[in-house]
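Asker: Protein chains in written order, with my numbering: chain C, 5 to 105; chain G, 3 to 471.
We treat Cβ as the ideally placed atom computed from N, Cα and C, and that holds for glycine.
Got a structure here, written out as C-alpha cells. Questions coming.
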Amino acid sequence: MSQALLTSITVFVLAAFLGIELISRVPALLHTPLMSGTNAIHGIVLVGAMLIAGSADSTLEQALAFVAVVFATINVVGGFLVTDRMLEMFKRRPERPGEDE
Amino acid sequence: MTLAVSQTTINLAYLVAGVCLIVGIKRLSSPATARSGNVVAAVGMAIALGFTLVSPEIDSYWLIVVGVAVGTVIGVASARLVRMTAMPQMVALFNGVGGGAAALIAAAEFHRLSPSAGHVLPEYMGAMLFSALIGSISFSGSLIAFGKLQELLPGRPVVFAGQQVVNGILFATLLGVGVLAGATEAGVWAVVLLLGALLFGVLLVLPIGGADMPVVISLLNAFTGLAAASTGFVLENTALIIGGTLVGASGTLLTILMGRAMNRSLANVLFGAFGAAVPAAAGASAGAGDDGKSYREVSAEDCAVMLAYANRVVIVPGYGLAVAQAQHGARELADLLEKRGVDVKYAIHPVAGRMPGHMNVLLAEANVPYPQLYDMEDVNPEFPRTDVALVVGANDVTNPAAREDPESPLYGMPILNVDQSTNVVVLKRSMSPGFAGIDNDLFYRPNTAMLFGDAKASIDKLIAAVKAA
C-alpha cells in the first residue's frame, strides 16, 4: 500500500466519524437547511473538476471536464445561496413594539 | 506558471479549508449559529477553490474560467429566482449536478489513464469506477426526484411487478460491468457502467412516493458526498476527501434522522413503495362514501365566529399553506385573535410540508414569534383543551388512521392529534387525498368542518369576518 493511499484512507476514516459526530444532535427544524448546506459542501468536487479541466489533453477529456466544472459550480454557488435564503428566515427578529402586555 | 505555489502550501490551505467546513457543519446544526455556519463553510470552499487555481497541475485556464462563469450564472439565477415552496426540488437539482460532476471527473480520468492495460493501480481504478457508479446514480435519481416534486412526473410511486428483482439484477450486473471495466480498462465498459448507473438511479427513485422525497434527496446527497470523496482518492486530493466524506457521513445520519421523524426505516422508504396501495384503498373509501361517509361544510363567517369566541386556537399549517403563500395571512389572523384575547398556538409537525422544517421557515418569514411555534410532542397534550384546531392545508400529518388503523400505510407515524379538539376546521381546496394519496378519516368526523378554497383566499375571508365579528 502506497503512503499516499494510506494518508487518503486515514483522512477518509477520520472525516467519516467526524461527519456523524457533528450533526448527531440536530433539531428537526434544521434538517432541511442542514441537508442543503451539506449539499453545497459536496460541491467541493469543483476542486477535482478544475484540476482535470486545467490539465486535460484530448478533446473528449476537455469536454467532460468542462461540463464537470459547470455542474460543480452550479452545485457550489446555488447550494450556498439557497441555504442562505433558507436560513435568513431563522434570523432573530427585533421585538415588535406593543406586543408584550 | 508564475502563479503556481508549491503543493505543500496548497495542502496546508486545504487543511484550513477542511477546518472551515467542519466548523461550518457544526454551526449549521444549531438554530442560533446556522446562518454563520453556512458562511464559514462557504469561506472554506473559497479557500479550497482559490488555492486549487494556483496549483502547479493546472496548465490551462480557459475551460475553468468559462465553466465557472457559466455555472455561476446558472447557480445564482436559479437560487435567487426559486420560490420558497420550490426549495426542495432546487436542492435535488443542485445535488444531482454535483453527482454528475463526480461521475464526469471519473470518466475523464478513466479516459486519461486507461489506454495502457494493466497500468492503472487497482485502488485508483476502484475509486474511479465507484465515483462513476455512485455519481451517476445520484445524478439521474436526483433528476427524477426533481421531476416528481416539480410535478413534471407523477408524485405517486411508479411500480411494476418484480420491480425490486429487476433493480437487484441491474445492480448486480452493474457491479459485474464495473469489474470488467476495471480488468480490461476498455472504454466501452466504462460507458456501459455510466449508462447502466443512470438507469439504476431512475429505477431506484421512480417507485418512491412524493412524500418520501426529502429522505431520498438526503440519501442521494450522501451518495454525492461519497462520490466526491472517491474522486479525492483518484486525484490524491485531501480537500475532496474531507469535504466529500463529511457530507457522505453526516448525510447518511441525517437521512436516518429524517426517516425516524416520520417513523420509517430507510429500507421501508426505499423499498416500501409508500402509498402504492392507494388505488385499492381509495376505491374502497369512495364506496364507503356512498354508504353515508359524509362531511360537513362551514362558511368563512361561521368559522370566524367560532374562532373569535374561542379561548384556545391551534393553527396547523401544511403544504397547502406553503403553496397558497398564506403564511402572512395566517399570522394576521392569529394577531387579530390574540388581540381579542384568544390564545393562539401553531402546531408544527416535523414533516409538515414537503421538507422537515418547511413550516418553521415559512412562518418565520411571516414574522410569527418563535414562542408561538410548538413541536408535535409539546402541542399534542393541548388538543383536548383546544376549542378550534384550524388545519391550513395539512393533511396526512393529521390523519387519525396513523393512530387507529393498522391497515393504513400511515399507521405508526406520529401525528398531530387535532381530532381531539372540540372543533376542527380544515381549510382545503377540495376533498382530494393528500400527498401520500391516502384518504383522511378526519374530514368525516362529526367535530370536523370543511372550509373549501385556496388557503390564502379562505384566510383572507376569515380575517375580514373576524374583524366584523
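1) Near Thr424 of chain G, what residues of its chain come up, given a Cβ to Cβ distance below 6 Å and the 5 sequence neighbours on each side ignored?
2) Going along the stretch 60-82 of chain C in order, which residues come within less than 8 Å of chain G, judged by CB to CB distance?
3) For Gly69 of chain G versus Thr11 of chain C, is the C-beta spacing smaller than 8 Å?
4) Distance check for Met90 of chain C and Leu221 of chain G, CA to CA, integer angstroms please.
5) Going along the chain, which residues of its own chain have a beta-carbon closer than 8 Å to the beta-carbon of Thr240 of chain G, five neighbours each way excluded?
6) May I ask which residues mark the beginning and end of the beta strand (DSSP E) holding Pro319 of chain G?
7) Is the Cβ of Gln116 of chain G closer than 8 Å to any Cβ of chain C?
8) Give me the residue from C:Ala53, C:Leu22, C:Val17 with the minimum Cα distance to Ala72 of chain C.
9) Classify Val7 of chain G as buried or exposed, calling it buried when 16 or more other Cβ atoms lie within 10 Å of its own Cβ.
10) Check the Cβ of Leu106 of chain C against every Cβ in chain G and list those closer than 9 Å, keeping chain order.
11) Please list the terminal residues of the continuous alpha helix (DSSP H) segment that includes Asn270 of chain G.
12) Starting from the C-beta of Val249 of chain G, find all residues in its chain whose C-beta is less than 6 Å away, skip the five residues before and the five after it, and write them out in chain order.
13) For chain C, check one thing: does any of its Cβ atoms lie closer than 8 Å to the Cβ of Pro124 of chain G?
14) Assign Pro281 of chain G to one of three DSSP states: helix, strand, or coil.
15) Using the beta-carbon count (16 or more within 10 Å), is Asp443 of chain G buried or exposed?
16) If contacts are defined as beta-carbon pairs under 8 Å, then Val393 of chain G and Val420 of chain G qualify, I think. What distance do you get, rounded to the angstrom?
17) Where do the N-terminal and C-terminal ends of the alpha helix (DSSP H) with Met308 of chain G fall, by residue?
18) Quick check on the burial criterion: 16 or more other C-beta atoms within 10 angstroms. Buried or exposed for Asp61 of chain C?
19) Hey, how far is the Cα of Ala44 of chain G from the Cα of Val427 of chain G?
20) Just tell me which of G:Leu375, G:Ala310, G:Gln91, G:Phe445 has its CA closest to the CA of Val218 of chain G.
21) In chain order, what are the residue ranges of uninterrupted alpha helix (DSSP H) at least 4 long that sit wholly in the stretch 390-463 of chain G?
22) Between which two residues does the alpha helix (DSSP H) holding Asp380 of chain G run?
23) Return helix, strand or coil for Ala241 of chain G, following the three-state DSSP convention.
24) Along the chain, where does the alpha helix (DSSP H) containing Val72 of chain G start, and where does it finish?
25) Tell me, to the nearest whole angstrom, how far the beta carbon of Leu339 of chain G is from that of Val468 of chain G; I am working on the premise that it is less than 8 Å.
26) Where does the unbroken beta strand (DSSP E) through Ala349 of chain G begin, and where does it stop?
27) What does Thr240 of chain G touch in chain C if you count any residue whose Cβ is under 7 Å from its own?
28) Excluding the five sequence neighbours on either side, which residues of its own chain have a C-beta within less than 6 Å of the C-beta of Ala25 of chain G, listed in chain order?
29) How would you list, in chain order, the residues of chain C whose beta-carbon sits under 7 Å from the beta-carbon of Val99 of chain G?
30) Please report whether the beta-carbon of Asn425 of chain G lies at a distance below 8 Å from any beta-carbon of chain C.
31) Would you identify the three-state DSSP class for Glu367 of chain G, choosing helix, strand or coil?
32) On a CA-only basis, which of C:Ala19, C:Val30, C:Ser28, C:Arg29 is nearest Leu23 of chain G? Give me that one, please.
33) Of all the alpha helix (DSSP H) runs that stay within the bounds of the stretch 112-200 of chain G, which reach a length of 4 or more residues?
34) Are Glu111 of chain G and Ile56 of chain C close, meaning C-beta to C-beta below 8 Å?
35) What's the gap between the Cα of Thr11 of chain G and the Cα of Ala396 of chain G?
36) Closer than 7 Å between beta carbons: that is the criterion. Which residues of the stretch 349-370 of chain G meet it against chain C?
Answerer: Let's see:
1) Asp389
2) Ala60, Asp61, Ser62, Leu64, Glu65, Gln66, Leu68, Ala69, Phe70, Val71, Ala72, Val73, Val74, Phe75, Ala76, Thr77, Ile78, Asn79, Val80, Val81, Gly82
3) no
4) 20 Å
5) Asn13, Tyr16, Leu17, Gly20, Gly234
6) 314-319
7) For the sequence presented, residue 116 of chain G should be read as Ser rather than Gln. False, the Cβ-Cβ gap to chain C never drops below 8 Å.
8) C:Ala53
9) exposed
10) What is shown of chain C runs 5 to 105, which leaves residue 106 of chain C out entirely.
11) 268-273
12) Gly227
13) no
14) Caution is warranted here: a pLDDT of 37 is assigned to Pro281 of chain G, below 50, making its placement in the model unreliable, and the coordinate value is therefore given only provisionally. The answer is helix: DSSP assigns Pro281 of chain G an H, G or I state.
15) buried
16) 6 Å
17) 302-310
18) exposed
19) 45 Å
20) G:Gln91
21) 403-406
22) 378-381
23) helix
24) 64-83
25) 7 Å
26) 345-350
27) Val15
28) Residue 25 of chain G is actually Val in this sequence, not Ala. Excluding positions up to five away in sequence, the list reads Val42.
29) Phe75, Ile78, Asn79
30) no
31) helix
32) C:Ala19
33) 124-151, 165-186
34) yes
35) 54 Å
36) Pro352, Met357, Pro358, Gly359, His360, Asn362, Val363, Ala366, Glu367, Asn369
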